[in-house]
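For reference, the structure discussed in these notes is given below.
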Amino acid sequence: MANIIIPEKSDEKVSDLMGFMGFTSNKDRPIVLRIALSKGIIHSNKDSNLNIDSSKGREIPLKTLCPGDNYLFVKHSIIQKHEEFISDEDLTPVIKKYLILGIDIMHDEINKLDQLDNYLIYLAESVNNKNDQEKIKDLLGF
């Protein structure tokens, strides 16, 4: 599996997100990245043309971003969104696009919240299914 290199600006945004979410350890960085990838896939359309910054930054192993069977889940979610087959070779830049988009979306969301708001609760409440909201809140301990 390939690695994804996100621009330094995006990596700084991930650090901001971690701080706002109360994550202090770099071991928690993959959690934020996985949420960002999910948001990027969900909140974009297949024709989204993003001006992806190609500057060098942090290298993220795809196995860290998509551990275990999650790679297949991400791959098929993207294929379903694009309504066409995407080879593994062509998938890495698409994952990078959705990851950076998701980071930007999350960063915009935290900038709209009050300092007293909890972003994890905001994420849970943004899920449309009430049953899923409650499950997420239970998992988060809220």
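The numbering of the sequence shown is the numbering used here, which starts it at 46 and goes up by one. Virtual Cβ for every residue (Gly too), placed ideally from N, Cα, C.
Do residue i and residue j have their C-beta atoms within less than 8 Å of each other?
{"i": "K54", "j": "M151", "result": "no"}
{"i": "I155", "j": "Y164", "result": "yes"}
{"i": "V59", "j": "L82", "result": "no"}
{"i": "I49", "j": "L136", "result": "no"}
{"i": "M63", "j": "R74", "result": "yes"}
{"i": "R103", "j": "D56", "result": "yes"}
{"i": "V139", "j": "I131", "result": "yes"}
Excluding the 5 residues flanking residue i on each side, which residues of the same chain have their C-beta closer than 6 Å to its C-beta?
{"i": "I119", "result": "The residue you asked about is not Ile; residue 119 is Val in the sequence shown. So the list reads C111, once near-sequence residues are dropped."}
{"i": "T109", "result": "P75"}
{"i": "A47", "result": "L107 and T137"}
Of all the options the options, which has the alpha carbon lying nearest to the alpha carbon of residue i?
{"i": "I105", "options": "K141, E134, I87 and G64", "result": "K141"}
{"i": "Y234", "options": "D133, L168 and G102", "result": "Not covered by the structure: residue 234. The range shown for the chain is 46 to 187."}
{"i": "S171", "options": "D61, I80, D56 and H121", "result": "I80"}
Spatial neighbours of residue i within its chain, please: CB distance less than 8 Å, with the 5 preceding and 5 following residues excluded, ordered by chain position.
{"i": "I76", "result": "F68"}
{"i": "Y167", "result": "E154 and L158"}
{"i": "K101", "result": "I50, P52 and E53"}
By Cβ distance, which residues of its chain are closer than 7 Å to residue i, with the 5 residues on each side in sequence left out?
{"i": "H88", "result": "I150"}
{"i": "I86", "result": "S122, I123, K126 and Y143"}
{"i": "I148", "result": "S55, K58, V59 and A81"}
Which two residues bound the contiguous alpha helix (DSSP H) that contains residue i?
{"i": "I86", "result": "R74 to I87"}
{"i": "N156", "result": "D133 to K157"}
{"i": "N115", "result": "N115 to H127"}
Give the range of the beta strand (DSSP E) segment to which residue i is assigned.
{"i": "I105", "result": "G102 to P106"}
{"i": "I50", "result": "N48 to P52"}
Flag residue i as yes if its beta-carbon sits less than 8 Å from any beta-carbon of chain D, otherwise no.
{"i": "V139", "result": "Considering every chain present, this structure includes no chain D. It has just one protein chain."}
Three or more C-beta pairs below 8 Å linking the segment 65 to 74 and the segment 123 to 133: no
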